[in-house]
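Asker: Protein chains in written order, with the working numbering: chain A, 973 to 1361; chain B, 973 to 1361. Where is the CB? At the ideal position from N, CA and C, for every residue including glycine. Right, I'll just put the structure down here and ask away after.
There are 2 protein chains.
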Amino acid sequence: MPRPEEAAPHVSAIRGSVYSALGHKLAAHKGEVFPFHVGDTWLEPPHGCLMQDLLQSEWPDLNRYTQPHGMKRLLEALVTRVKARTGEHVGTDNILVTGGATAGLSNAAGAVISPGEEVLILAPHWPLIDGIVRCYGGRPVPVPFIGVADSPESAVEVVREHLTERTVGLYMSTPNNPTGQVLSRPIVEALVAWAQREDLWIFSDEVYEDYVFEGEHTYARPLAPERTFSVHSFSKALGMAGYRCGFITGPAPIMAELRKTHTHSVYSASTPAQVAALRALEGSGTAWIEAARELYRQAGEGAAKVLGVPKPEGSTFLFIDVKEKLDERGLAGFLDDCANEGLFAAPGPSFGPYPEHIRICYTATRPDNVRRGVLILARLLGRTVSEET
Amino acid sequence: MPRPEEAAPHVSAIRGSVYSALGHKLAAHKGEVFPFHVGDTWLEPPHGCLMQDLLQSEWPDLNRYTQPHGMKRLLEALVTRVKARTGEHVGTDNILVTGGATAGLSNAAGAVISPGEEVLILAPHWPLIDGIVRCYGGRPVPVPFIGVADSPESAVEVVREHLTERTVGLYMSTPNNPTGQVLSRPIVEALVAWAQREDLWIFSDEVYEDYVFEGEHTYARPLAPERTFSVHSFSKALGMAGYRCGFITGPAPIMAELRKTHTHSVYSASTPAQVAALRALEGSGTAWIEAARELYRQAGEGAAKVLGVPKPEGSTFLFIDVKEKLDERGLAGFLDDCANEGLFAAPGPSFGPYPEHIRICYTATRPDNVRRGVLILARLLGRTVSEET
């Protein structure tokens, strides 16, 4: 049983680098690089939210722990925000401030999943959710959904097919990473009602809630507050990914358990990150998001047009079928061809059973860099590019 | 199986507030408060390491993720630091930058513990290690050790008694939190050699390595690099607890697994925290630590003298037997009496089977506050206080 050099088997089963095995090529590339493989933004955080703006004299506890639950003033601001967005009356005991949405989902998974239990994951899906479930001995069950289910009835049919007696939860994400699609209200309602009937936890990943270009975002928690975790991020919403701050809302009794997993995984979220988030909520964050949404919409539409794919409804990604350009080397060969031109994309298998897709993030770098990179990708895909673009 | 409102049983078994159930009293107390229950420092971080010192123009990626492994330049500085401290030639593949030492231990536990496996924990112990092991379905086995084992032979005897066929690891901490004792080199060597014979992982918590007042710190990893995780913190060492940055070193093959658990629990440590740590390592950190060590030594000696207990050999805590002052209300009653005077101490049972002890941190607040609080505690303990103190 004791066995240095061997990991716990459920951890060994997690893929290592989920985004790309091409990191060394990126580092070594001569010439312009197009790092579209990671979800990020070229924008700086809102006014007043840079680290240099956080004065020790104004925030004398900036270098000290907050309570594990989160800074009191931030928790209170989040109560107001949740009410404004969803209409739901939550208390601070429904909220946990975490080191990003990743940490929020990890804490929720750790609190509710026992080894061997299964979580249905609507696919294509955010890459890390697979490993998050595995870290606690759970079994992620990808359910090809986006582009498959096109009505409330078919949505329920698709998830029902994967239900077993060991299923304990359903993970969904809208606006979707990687496809950029927005789940319609009837589909979200049907999925939530089904999860309720089957007595499942719902993990609703809403980190792109602010980035809907067409349609509207549907909040899952008000539909089933007794079983829904809703995960939010300041990373994507406000250009603060490196600070590591987000939050998760859920039913009060289980949130007491999440405070335990959080305390024992990191103690408290970074205090400066929490203060920056608070300043964004109380200050210029809303205006920043309005402006960013328009910039992201333009970037997404522009990229989609060049690549000849439908424009995204939300999030910051395009998920592109590259089947027609794969040769005997498969997807790795195509990604290698891209890397040779300085272009880095995330491989489809990181998002579920998609061996012929790639994902690009069209907000990862400045629009001019994105434009040039997308033109290279269009050429590699053999797409005709009009001169205007 | 699906059961909203119920947590995974191994998480339910974790105690909620590990430090003190008296938080509401602290918030409500009129008059001077003596919050000695949390390990912290009154000092501000070293010169150049405040958030206001981190200029976006100088660190243009301050708001962006680093690689999950850690910022390259910080990893390289840590390779140099480890070599300078321990003589060990490590590479960056032996190191993971984490959101504090708590996160480092959590990632290590997550990577190597399978449900049902046991970890021996030298007690009294840092409170969170119990829940960290439980978060991954492991079973923490507290081994009363400090004050029990006083020779290499008795050290091995004591741990051997708790070994079972499910034991996979040994956790030890020197300088010790909560007792302030420093394990001697022969004892550390004997424990490591025994763990090696029994093929156990070693979790060596060395977050107070810089705060040894008597004797010397013994690094465990050079004695058994193939099985030892060594955990370090910038929180305690440099007055940056709220930033959340630390690091863990371990055998390269298993560190690849820790990078997975880290990626899936938080993705990357806070970038500003990593930059502050780097600046401390490259700049004024060493001088800061020298000065802090002397201040902490004085604070510890002063508190010990007033309380009539042996002066601490290291760390920032005193662990005090209060048995003689317990009445029918038990320890809770004594802690309540303290709280009524604005004094907050951590209860002994957080540190293992110690229902008649309390822990105080004598660096949590400014020396004048500590002095006044310790005088109150001495009075409550009925200790004679000389006029000098």
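#1: Alpha helix (DSSP H) containing Val1128 (chain A): first to last residue?
#2: Which stretch, first to last residue, makes up the alpha helix (DSSP H) that contains Leu1436 (chain A)?
#3: List the residues of chain A that Leu1319 (chain B) touches, going by C-beta distances under 9 Å, in chain order.
#4: In its own chain, which residues sit with a C-beta less than 8 Å from the C-beta of Gly1003 (chain A), not counting the 5 before and 5 after it?
#5: Am I right that Ala1196 (chain B) and Val1164 (chain B) are in contact with their C-beta atoms under 8 Å? What's the rounded C-beta distance?
#6: Please list the partners that Val1005 (chain A) has in chain B, where partner means a Cβ-to-Cβ separation under 8 Å.
#7: To the nearest angstrom, how far is the alpha carbon of His1189 (chain A) from that of Pro1284 (chain A)?
#8: Cutting at 6 Å between CB atoms, please list the residues of its own chain near Arg916 (chain A), excluding the five before and the five after it.
#9: Could you tell me the distance, in whole angstroms, from the CA atom of Asp1025 (chain A) to the CA atom of Leu1135 (chain B)?
#10: Anything in chain A within Cβ reach of Cys1333 (chain B), meaning under 9 Å, just list it in chain order.
#11: Would you say Tyr1180 (chain A) and Ala1275 (chain A) are within 8 Å of each other, going by their C-beta atoms?
#12: Please report the distance separating the alpha-carbon of Leu1077 (chain A) from that of Ile1104 (chain A).
#13: Between which residues of its own chain and Val1281 (chain B) is the CB-CB distance below 7 Å, once the five residues before and five after are set aside?
#14: Measure the CB-CB distance between Arg1216 (chain A) and Pro1040 (chain A) and report whether it falls below 8 Å.
#15: Around the Cβ of Pro1032 (chain A), are there at least 16 other Cβ atoms within 10 angstroms (buried) or fewer (exposed)?
#16: Whose Cβ in chain B lies nearer than 9 Å to the Cβ of His1234 (chain A)?
#17: Tell me which residue opens and which closes the alpha helix (DSSP H) that Pro1096 (chain B) is part of.
#18: Cβ of Tyr1037 (chain B) less than 8 Å from any chain A Cβ?
#19: By Cβ distance, which residues of its chain are closer than 7 Å to Arg1138 (chain B), with the 5 residues on each side in sequence left out?
#20: Can you tell me the Cα-Cα spacing of Leu1253 (chain A) and Leu1172 (chain B), whole angstroms?
#21: Mapping the DSSP letters down to three states, classify Thr1361 (chain A) as helix, strand or coil.
#22: Under 8 Å, do Pro1114 (chain B) and Gly1324 (chain B) count as touching if we go by C-beta distance?
#23: Less than 8 Å between the beta carbons of Tyr1143 (chain B) and His1097 (chain B), yes or no?
#24: Quick check: what's the CA-CA separation for Leu1100 (chain B) versus Glu1060 (chain A)?
#25: At a threshold of 7 Å, does His1009 (chain B) count as lining the ligand SAM (C-beta to nearest heavy atom)?
#26: How about Ala1081 (chain A) and Gly1218 (chain A): do their beta carbons lie closer than 8 Å?
#27: His996 (chain A) to Phe1316 (chain A), Cα distance in whole Å?
#28: Between which two residues does the alpha helix (DSSP H) holding Tyr1143 (chain B) run?
#29: For my contact list, Val1128 (chain A) and Val1120 (chain A) are in at a C-beta cut-off of 8 Å; report their separation, rounded to the angstrom.
#30: Could you check which residue in A:Ala1000, A:Pro1017, A:Tyr1037 and A:His1001 has the C-alpha nearest to that of Glu1379 (chain B)?
#31: Just reading off the alpha helix (DSSP H) that Asp1308 (chain A) is part of, what are its end residues?
#32: Using alpha carbons as the reference points, say which of B:Phe1008, B:Gln1028, B:Ile1226 and B:Ala979 lies closest to Ile1067 (chain B).
#33: What's the gap between the Cα of Asp1309 (chain B) and the Cα of Asp1102 (chain B)?
Answerer: With the structure as the only source:
#1: Pro1124 to Arg1132
#2: Outside the displayed range of chain A (973 to 1361) lies residue 1436 (chain A), so it cannot be described from this structure.
#3: Reading off the sequence shown, one finds Pro at residue 1319 (chain B), where the question assumed Leu. Here the premise fails: no neighbours, minimum Cβ distance about 16 Å.
#4: Gly1314.
#5: 5 Å
#6: Chain-order list of chain B residues neighbouring Val1005 (chain A): empty, with the shortest C-beta distance near 14 Å, by a criterion of under 8 Å.
#7: Spanning the two alpha carbons is a distance of roughly 14 Å.
#8: Missing from the structure shown is residue 916 (chain A); chain A here goes from 973 to 1361 and no further.
#9: 53 Å
#10: Simply none; closest approach about 12 Å.
#11: no
#12: 8 Å
#13: Leu1290 and Ile1292
#14: no
#15: exposed
#16: Near His1234 (chain A) there are no residues of chain B at all, since even the closest Cβ is about 10 Å away, more than 9 Å.
#17: Segment: none, Pro1096 (chain B) is in no alpha helix (DSSP H) and carries neither H nor E.
#18: yes
#19: Gly1088, Glu1089 and Glu1090
#20: So the two alpha carbons sit approximately 48 Å from each other.
#21: With a pLDDT of only 46 at Thr1361 (chain A), under the threshold of 50, the placement of this residue in the model should not be trusted; the figure read from the coordinates follows. The answer is coil: DSSP assigns Thr1361 (chain A) none of H, G, I, E or B.
#22: For Pro1114 (chain B) and Gly1324 (chain B), yes; Cβs fall inside 8 Å.
#23: yes
#24: 34 Å
#25: The ligand SAM is absent from the structure shown, which contains no ligand whatsoever.
#26: no
#27: 11 Å
#28: Per DSSP, Tyr1143 (chain B) belongs to no alpha helix (DSSP H); it is in the beta strand (DSSP E), Thr1139 to Ser1145.
#29: Not a contact, Cβ separation roughly 12 Å.
#30: The shown model of chain B, from 973 to 1361, leaves out residue 1379 (chain B), and the question about it has no answer.
#31: Gly1302 to Asn1312
#32: B:Ile1226
#33: Separation of Asp1309 (chain B) and Asp1102 (chain B) (C-alpha to C-alpha, rounded to the nearest whole angstrom) is 27 Å.
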